[in-house]
Amino acid sequence: MRLSIMNLKDSISFFFFGNVCIGCGSNSQKLDPWLCPNCKEELIAYGEHPVWPSKEDAICLFPMNSLTRKLILAMKYKGMQKIASYLVAHSSVGRKGEALQILESWGKNMPFIPVPVHNARMRERGYNQSEQAALELALHCNGKLQTNILKRRIYKPSQTLLGSNARAFNVAGAFEAKNAKSLNPQNGIVVVDDVYTTGATTSSCARALKRAGFENIKVCTLLYEFPASAAADMAADKKLGWRTERD
Ligand SMILES: [Zn+2]
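Residues in the sequence shown are numbered from 1243 upward in steps of one, following this note's numbering.
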């Protein structure tokens, strides 16, 4: 049985990358299923301490760097949504370290609310990677994935071509909160997104949640990217033909 699971994992990895590590590109028979042992070790080291992006009510599990960036691009643009779970599992949440302690200090059995993608993008991509991350976080924290609260109000085209001010405006009123009464608004909630750059998206979500009566709103994202490097990264993505959107 164990052998067949390993074979299945190997087959999935081979199908996408031909037994090549997403991190370093080396051929490895020991992928698990995306990284070789060296890259996996590197990833765990990057995730040992969470990043605090200037706000004390927000943490990011990893910094954006060459390795984490390759993983997140594969997650977003190559249909590999399970990488969201993989990142959480190898962060200090999954490894019962610092980030897990922070999340547990924020509250018990908290609802984890993913930043929703618009229906059009959901149809195009087939999944919401933030929902996958929120599900994995909830599993590690004895919390609950809560997808019926935050809704995206209007569809705006990809933010790739917009400057940071325009992008902030673009997401400013993009969300609304519904069904607040199904949760106790005084209890804490955690908004989950994939990448935190300027914080415009999660701030917009927090405003919508505050309007609905929520008070104790926290944020957890998979990655933190410096706004200054985000512009260069987006230009690189564009060259590769990837359409990217960040907050
Ligand atoms: Zn590697």
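Cβ atoms here follow ideal geometry from the backbone N, Cα and C, with glycine treated the same way.
- When secondary structure is reduced to three states using DSSP, Asn1361 falls in the helix class.
- In terms of side-chain proximity, the C-beta atom of Leu1329 is found no nearer than 7 Å to any non-hydrogen atom of ligand 1.
- If you keep only unbroken beta strand (DSSP E) runs of at least 3 residues inside the region 1330-1391, you get 1353-1356.
- Judged by DSSP secondary structure, Ile1314 falls within the alpha helix (DSSP H) whose first and last residues are Ser1308 to Tyr1319.
- Listed as beta-bridge partners of Asp1435 by DSSP are Thr1463.
- For Ile1301, the enclosing beta strand (DSSP E) begins and ends at Ala1300 to Pro1305.
- When DSSP states are grouped into helix, strand and coil, Glu1457 belongs to the coil group.
- A contact between stretches requires three or more CB pairs, one per stretch, nearer than 8 Å, and the region 1378-1398 meets this requirement with the region 1346-1355.
- Taking non-hydrogen atoms of ligand 1 into account, the C-beta of Asn1280 is found less than 7 Å away from one of them.
- Using a Cβ-Cβ distance cut-off of 8 Å, the region 1281-1298 and the region 1424-1431 are not in contact, since fewer than three pairs of beta carbons, one from each stretch, lie closer than that value.
- With a cut-off of 7 Å, the C-beta of Gly1289 is classified as distant from ligand 1, since no heavy atom of the ligand falls inside that distance.
- Boundaries cannot be given for Ala1416, as no beta strand (DSSP E) includes it and DSSP labels it neither H nor E.
- Boundaries of the alpha helix (DSSP H) around Leu1285: Pro1279 to Tyr1288.
- Ligand 1 has no heavy atom closer than 7 Å to the beta-carbon of Cys1462.
- Taking 8 Å as the cut-off, the beta carbon of Ala1375 is found closer than this to the beta carbon of Leu1464.
- In this structure, Ser1372 keeps its C-beta atom at 8 Å or more from the C-beta atom of Val1461.
- The three-state secondary structure of Lys1423, taken from DSSP, is helix.
- Between Ala1419 and Ile1391, the C-beta spacing is below 8 Å.
- Spanning the alpha carbons of Gly1455 and Val1432 requires a straight line of approximately 14 Å.
- Looking at the DSSP output, Arg1394 bridges to Phe1417.
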